[in-house]
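Following: one structure in structure tokens, then a few remarks.
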Amino acid sequence: MMNRIYRLPFAAAVAMLAAALMLSCASPGRPSGGARDEMPPRLVRCNPPLGATDAMPRRVTLEFDELVNVKDAFTKVVVSPTSASMPRVSSSGKHVYISFQDTLLPETTYTVDFGNAIEDNNEANKLEGFSYWFSTGPVLDTLRISGMVLAARDLEPQQGMLVGVHPADAPDTAFRTLRLVRVAKTDDRGRFTIRGLKDMEYRVFALADANNDFRWDNPQEDIAFTGFAVRPTCEPAVATDTLYDMRTGKVDTVVQRARTRFLPNDVLLNAFNVNFRQQYLTSSERIDSTRILLVFNAPADTLPEVRLLGMPGVRDWYVTERSARNDTVTMWLTDPRVIAADTLSVELKYLAHNKQLLLSQRCDTLKLITVRPRPAKKKGRRSSKADSVAKPLVKTLGVRFIGGASQNVGVPLLMEFDQPVKSLDRSMFHLEEMKDSVWTGVPKPYAVERQDTLSLRRYRVDYPWEYGGRYRLRADSLAVCGIYGICSKGEEQAVNVKKRDDYFDLRFVISSLPDSVPAFVELLDSSDKPVRKAAVSGGTVEFRDVELGTYYARLVEDRNGNGEYDTGDYDAGRQPEYVYYYPKALKITKRWDVEQPWDLTAVAIDRQKPAAVKKNKSDQEKNRRKKDSSGSNAGDEEDEVFDPTRNPFDPNDRGRRTTAGSY
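Right, here's the structure in full:
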């Protein structure tokens with residue numbers, strides 16, 4: 039076998055010899071390590087070349103300067119134009135391969151967006167926003183549309199959401215029936231860039247594509263759409279870079295270079311769900327001998343029809359207690375024969391979705407069994423006088439006071455009985471207050487009423503409580519009787535109202551909201567859930583007697599004036615109602631009257647939601663929190679701002695490390 043001899047340049051030979059001598063002279067021992075590699079992989083070459091024209095490759099090869107992996111290619115990598123078969127993306131050593139399964143379309147620009155799927159093998163440094171493109175014809179389409187997708191209800195950045203376009207002249211049904219033509223996926227900040235566009239008008243859509251078919255064919259998928267056509271353009275721009283002397287930290291050189299700005303780069307998509315939930319019976323259970331519980335997967339406009347089987351002649355055998363949305367129904371059995379039966383067969387008719395996701399009547403036959411507790415085994419009894427005089431226990435109607443003894447002003451006292459109430463004698467309830475160490479009847483009228491028409495067991499006591507007041511509610515024996523003939527015993531509940539210093543008053547003075555637009559503000563807790571709501575009137579909104587603590591605020595443009603947030607409707611072309619966040623936390627630890635100015639447009643919409651209540655945090659925000667917890671100064675670093683004059687995905691943008699210029 040012939041030995042192969044390779045000729046080396048003289049300089050290379052000298053370098054190799056010097057390296058060998060250094061290694062031979064080095065002292066043996068452990069390597070000292072060094073600084074952690076924080077640089078992402080760099081593209082060295084590709085075949086076909088980046089931006090190639092008249093190319094029809096079956097496989098594309100990308101070579102990097104170090105060992106690389108492609109993470110979650112199926113979910114992170116998208117190819118435009120879309121096709122029925124996803125190209126296969128794989129990695130080996132320093133190479134990434136793209137293998138096309140379908141025949142490439144003629145005279146078409148192809149783009150492969152990797153997002154942050156490519157990372158180095160050792161430190162997992164991600165190559166952010168990397169894309170590869172070529173054209174099968176002589177023309178390379180180069181225009182782009184960039185923007186951001188936020189959840190309409192709570193301004194959460196939508197991570198990993200599909201964003202794509204259809205030609206503006208496509209029918210409205212195209213979003214449902216046709217694959218999106220060109221697509222991208224949002225990054226960890228909800229940002230996107232759709233590449234390879236022609237000079238024409240498009241409509242932009244976002245889709246949480248659960249079945250990866252690039253169309254909205256499942257009403258449970260979140261969507262977003264623009265209500266207008268978008269035409270991509272580009273313009274020349276100048277980028278300014280400042281280079282610093284690493285030794286002194288002072289400015290060394292200011293460099294200006296030409297770049298291309300692609301517009302629009304500020305498309306905001308408000309993602310929403312049409313509030314569709316597939317309707318079906320989730321569970322049916324006979325909790326005990328007196329109750330049947332039915333749980334449905336979605337709200338319903340009507341209650342189910344229930345017919346008892348196998349017991350002819352039984353009528354009016356239950357009363358219904360239901361949730362506000364009719365998705366939870368409790369049937370309290372009232373006929374002794376039904377209660378005594380260990381097994382019940384019932385016919386249940388209700389509206390459910392079929393395979394075509396259309397509502398139709400469904401009829402189920404349920405077999406409901408009650409497991410009765412076994413009687414306790416009798417222990418050996420010793421003869422005693424106490425046994426002969428023991429009295430049987432008398433069952434009484436139980437009551438629970440919701441909230442306990444601590445009471446807020448402006449809020450009714452709530453009580454819940456352990457079975458539906460058949461009768462309640464209001465004259466047997468007595469509300470008293472402590473005055474000069476003596477319990478006396480309250481001077482103002484009070485009411486004992488059912489809380490609402492839904493619950494058969496909850497009642498409320500309404501009274502204008504005074505700050506710091508001490509009250510008690512007494513109920514005489516037999517004041518309340520349940521449907522099973524059990525009545526209440528005498529009850530007494532202390533009611534201690536919080537002091538004025540336990541509250542604060544809050545007033546927002548709102549600007550940038552047109553007077554003609556109705557709106558309301560929600561006070562939110564630390565989990566982003568509403569605790570109070572008030573309407574905006576004359577540019578202001580007030581909250582009185584708010585408990586001390588930390589709060590956040592959200593304003594909703596209530597376009598239809600119904601006092602509720604309303605989602606969007608694609609068929610009607612209606613966007614979801616617009617939402618704004620007050621960008622700071624309101625931390626009130628002592629009694630204070632707070633008045634806060636609130637300009638809805640002073641902070642960019644993607645920066646409004648405070649980080650403390652944001653759930654979908656970017657990788658940068660997560661890393662910053664880790665560094666902050668370890669005592670570093672990373673918290674001083676500012677977040678990037680969604681700047682409408684800048685394309686955050688532009689390869690020529692300052693601070694980005696990419697492989698090619700604008701194309």
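Using this note's numbering, count along the sequence shown one by one with no gaps and you end on 701.
Every residue, glycine too, gets a C-beta built ideally from N, C-alpha and C.
>> Please state the DSSP three-state secondary structure of Asn-159.
In response: Taking the first residue of the sequence shown as 1, we reach residue 159 at position 121. Reduced to three states, the DSSP call for Asn-159 is coil.
>> Can you list, in chain order, the residues of its chain with a C-beta nearer than 8 Å to that of Asn-313? Leave out the 5 residues immediately preceding and following it.
In response: Within the sequence shown, the letter at position 275 stands for residue 313. The beta carbon of Asn-313 sits closer than 8 Å to those of Thr-605, all from its chain and outside the five residues before and after it, given in chain order.
>> For a minimum of 3 consecutive residues, which ranges assigned as the beta strand (DSSP E) are wholly contained in the region 351 to 416?
In response: Counting only runs that start and end inside the region 351 to 416, the beta strand (DSSP E) elements of at least 3 residues fall at 356 to 360, 366 to 371, 381 to 391 and 397 to 407.
> Which value, in whole angstroms, describes the spacing of the CA atoms of Met-472 and Gln-445?
Replying inline: Locating residue 472 in the sequence shown gives position 434, where the first residue counts as 1. Locating residue 445 in the sequence shown gives position 407, where the first residue counts as 1. Between the alpha carbons of Met-472 and Gln-445 lies a gap of roughly 15 Å.
>> Can you give me the C-alpha to C-alpha distance between Val-569 and Ala-591, rounded to a whole angstrom?
In response: Within the sequence shown, numbered from 1, the residue matching residue 569 stands at position 531. Within the sequence shown, numbered from 1, the residue matching residue 591 stands at position 553. In this structure, the straight-line span from the alpha carbon of Val-569 to that of Ala-591 is close to 10 Å.
> For Tyr-614 versus Phe-310, is the C-beta distance shorter than 7 Å?
Replying inline: If you number the sequence shown from 1, residue 614 lands on position 576. If you number the sequence shown from 1, residue 310 lands on position 272. Note on residue identity: the sequence assigns Pro, not Tyr, to residue 614. Yes, the pair counts as a contact, with Cβ atoms nearer than the cut-off.
>> Output needed for Pro-635: all residues of its chain with C-beta closer than 6 Å, excluding positions within five of it in sequence on either side, in chain order.
In response: Numbered from its first residue, the sequence shown carries residue 635 at position 597. In the same chain as Pro-635, and ignoring 5 residues on each side of it, the C-beta atoms closer than 6 Å to its own belong to Val-547, in chain order.
>> Quick check for students: name the residue ranges of the beta strand (DSSP E) that lie wholly in the region 187 to 222, counting only runs of 3 or more.
In response: Counting whole runs of 3 or more residues, the region 187 to 222 contains the beta strand (DSSP E) stretches 200 to 205.
>> Which residues does DSSP list as the beta-bridge partners of Val-127?
In response: One-based indexing of the sequence shown puts residue 127 at position 89. Paired residue(s): Ile-136.
> Excluding the five sequence neighbours on either side, which residues of its own chain have a C-beta within less than 7 Å of the C-beta of Ala-296, listed in chain order?
Replying inline: For this step, residue 296 is matched to residue 258 along the sequence shown. Taking C-beta separations shorter than 7 Å and ignoring five residues to either side along the sequence, the partners of Ala-296 in its chain run Pro-274 and Val-276, following chain order.
>> Among the candidates Gly-228, Thr-120 and His-133, whose CA atom is the shortest distance from the CA of Val-82?
In response: Counted from its first residue, the sequence shown places residue 82 at position 44. Selected option, being the one with the closest Cα: His-133.
> Quick one: what's Ile-548 bridged to in DSSP?
Replying inline: The residue you call residue 548 lines up with position 510 of the sequence shown. In the DSSP output, where bridge partners are listed per residue, Ile-548 has Trp-636.
> Based on the DSSP secondary-structure assignment, which residues constitute the bridge partners of Arg-295?
Replying inline: The count along the sequence shown starts at 1 and reaches residue 295 at position 257. Answer is Ala-277, bridged to Arg-295.
>> Taking the alpha-carbon of Glu-343 as reference, which of Asp-255, Leu-389, Arg-375 and Val-617 has the nearest alpha-carbon?
In response: For this step, residue 343 is matched to residue 305 along the sequence shown. Glu-343 has its Cα closest to that of Leu-389, out of Asp-255, Leu-389, Arg-375 and Val-617.
> Is it the case that the Cβ atoms of Ala-155 and Lys-109 are separated by a distance below 7 Å?
Replying inline: For the purposes of this step, residue 155 is taken as residue 117 along the sequence shown, with counting starting at 1. For the purposes of this step, residue 109 is taken as residue 71 along the sequence shown, with counting starting at 1. In this structure, Ala-155 lies near Lys-109, with their beta-carbon atoms less than 7 Å apart.
> From Val-449 to Asp-500, what distance separates their C-alpha atoms?
Replying inline: In the sequence shown, counting from the first residue as 1, residue 449 sits at position 411. In the sequence shown, counting from the first residue as 1, residue 500 sits at position 462. Looking at the two C-alpha atoms, the distance is approximately 8 Å.
> Under 7 Å between the Cβ atoms of Val-177 and Leu-200?
Replying inline: Start at 1 with the first residue of the sequence shown, and residue 177 comes out as number 139. Start at 1 with the first residue of the sequence shown, and residue 200 comes out as number 162. In terms of Cβ geometry, Val-177 and Leu-200 do not form a close pair [threshold 7 Å].
> DSSP puts Thr-184 in a beta bridge; with which residues?
Replying inline: Residue 184 sits at position 146 when you count from the first residue of the sequence shown. First, the amino acid is wrong: residue 184 is Ser here, not Thr. Its beta-bridge partners are Thr-231.
>> One question on the structure: do Leu-638 and Tyr-618 come within less than 7 Å of each other, judged by their Cβ atoms?
In response: If you number the sequence shown from 1, residue 638 lands on position 600. If you number the sequence shown from 1, residue 618 lands on position 580. The beta carbons of Leu-638 and Tyr-618 sit closer together than 7 Å.
> Would you call Thr-180 buried or exposed, if buried means 16 or more other Cβ atoms sit within 10 Å of its Cβ?
Replying inline: What you label residue 180 is simply residue 142 of the sequence shown in a count that begins at 1. That one is buried.
> Mind pulling the alpha helix (DSSP H) runs of 4 or more residues that sit fully within the region 90 to 115?
Replying inline: DSSP runs (the alpha helix (DSSP H)) wholly in the region 90 to 115: 111 to 114.
>> Looking at the secondary structure, which residues open and close the beta strand (DSSP E) in which Gly-153 lies?
In response: The count along the sequence shown starts at 1 and reaches residue 153 at position 115. DSSP places Gly-153 inside the beta strand (DSSP E), whose first and last residues are 147 to 153.
>> Let me confirm a value: Tyr-589 is counted as buried when at least 16 other C-beta atoms fall within 10 Å, else exposed. Which label applies?
In response: As a position in the sequence shown, residue 589 is number 551, starting the count at 1. The residue in question, Tyr-589, is buried, as its Cβ has 16 or more Cβ neighbours within 10 Å.
>> I need the DSSP call for Arg-538, collapsed to helix, strand or coil.
In response: As a position in the sequence shown, residue 538 is number 500, starting the count at 1. Reduced to three states, the DSSP call for Arg-538 is helix.
> What whole-angstrom Cβ distance do Leu-593 and Val-555 have, given they're in contact under 8 Å?
Replying inline: As a position in the sequence shown, residue 593 is number 555, starting the count at 1. As a position in the sequence shown, residue 555 is number 517, starting the count at 1. Between Val-555 and Leu-593 the Cβ distance is about 10 Å, and since that is not below 8 Å, they are no contact.
>> Quick check: the Cα distance between Glu-585 and Asp-540, rounded to an integer number of angstroms?
In response: Position 547 of the sequence shown, counted from the first residue, corresponds to residue 585. Position 502 of the sequence shown, counted from the first residue, corresponds to residue 540. Between Glu-585 and Asp-540, the C-alpha separation is close to 6 Å.
>> Can you tell me where the beta strand (DSSP E) holding Cys-84 begins and where it ends?
In response: One-based indexing of the sequence shown puts residue 84 at position 46. Per DSSP, Cys-84 belongs to the beta strand (DSSP E) from 81 to 85.
> Where does Glu-185 land, buried or exposed, given buried means 16+ other C-beta within 10 angstroms?
Replying inline: In the sequence shown, the residue the question calls residue 185 occupies position 147. The amino acid occupying residue 185 in the given sequence is Gly; Glu does not appear at that position. Counting Cβ neighbours within 10 Å, Gly-185 comes out buried, since at least 16 surround it.
> Going by the CB atoms, is the gap between Val-305 and Val-242 shorter than 7 Å?
Replying inline: Translated into positions along the sequence shown, residue 242 becomes position 204. Translated into positions along the sequence shown, residue 305 becomes position 267. Yes, they are a contact pair.
> CA-CA distance, Asn-160 and Ile-136?
Replying inline: Here residue 160 refers to the residue found at position 122 when the sequence shown is read from its first residue. Here residue 136 refers to the residue found at position 98 when the sequence shown is read from its first residue. Cα to Cα, the separation comes out at about 22 Å.
> Cα separation between Ser-465 and Asp-456?
Replying inline: Looking up residue 465 in the sequence shown gives position 427. Looking up residue 456 in the sequence shown gives position 418. Approximately 21 Å between the Cα atoms of the pair.
> When the Cβ atoms of the region 163 to 177 are set against those of the region 249 to 268, are three or more pairs found closer than 8 Å?
Replying inline: Fewer than three pairs of CB atoms, one per stretch, sit closer than 8 Å, so the region 163 to 177 makes no contact with the region 249 to 268.
> Where in the region 594 to 640 do unbroken runs of the beta strand (DSSP E), each at least 3 residues long, occur, reported from the N-terminal end onward?
Replying inline: As far as the region 594 to 640 is concerned, its whole beta strand (DSSP E) runs of at least 3 residues are 617 to 619, 624 to 626 and 631 to 637.
>> On the DSSP letters alone, give me the boundaries of the beta strand (DSSP E) that Asn-308 sits inside.
In response: Locating residue 308 in the sequence shown gives position 270, where the first residue counts as 1. For Asn-308, the uninterrupted beta strand (DSSP E) run begins and ends at 305 to 309, by DSSP.
>> Give me, in chain order, the residues of the same chain whose beta-carbon lies closer than 7 Å to that of Arg-68; leave out the 5 immediate sequence neighbours on both sides.
In response: One-based indexing of the sequence shown puts residue 68 at position 30. Because the pLDDT at Arg-68 is just 37, under 50, the model does not fix this residue reliably, and the value given afterwards should be weighed accordingly. For Arg-68, same chain residues with a beta-carbon under 7 Å away, outside a window of 5 residues either side, do not exist.
> CA-CA distance, Asp-290 and Asp-247?
Replying inline: The residue labelled residue 290 in the question sits at position 252 within the sequence shown. The residue labelled residue 247 in the question sits at position 209 within the sequence shown. Taken atom to atom, the span from the alpha-carbon of Asp-290 to that of Asp-247 is near 49 Å.
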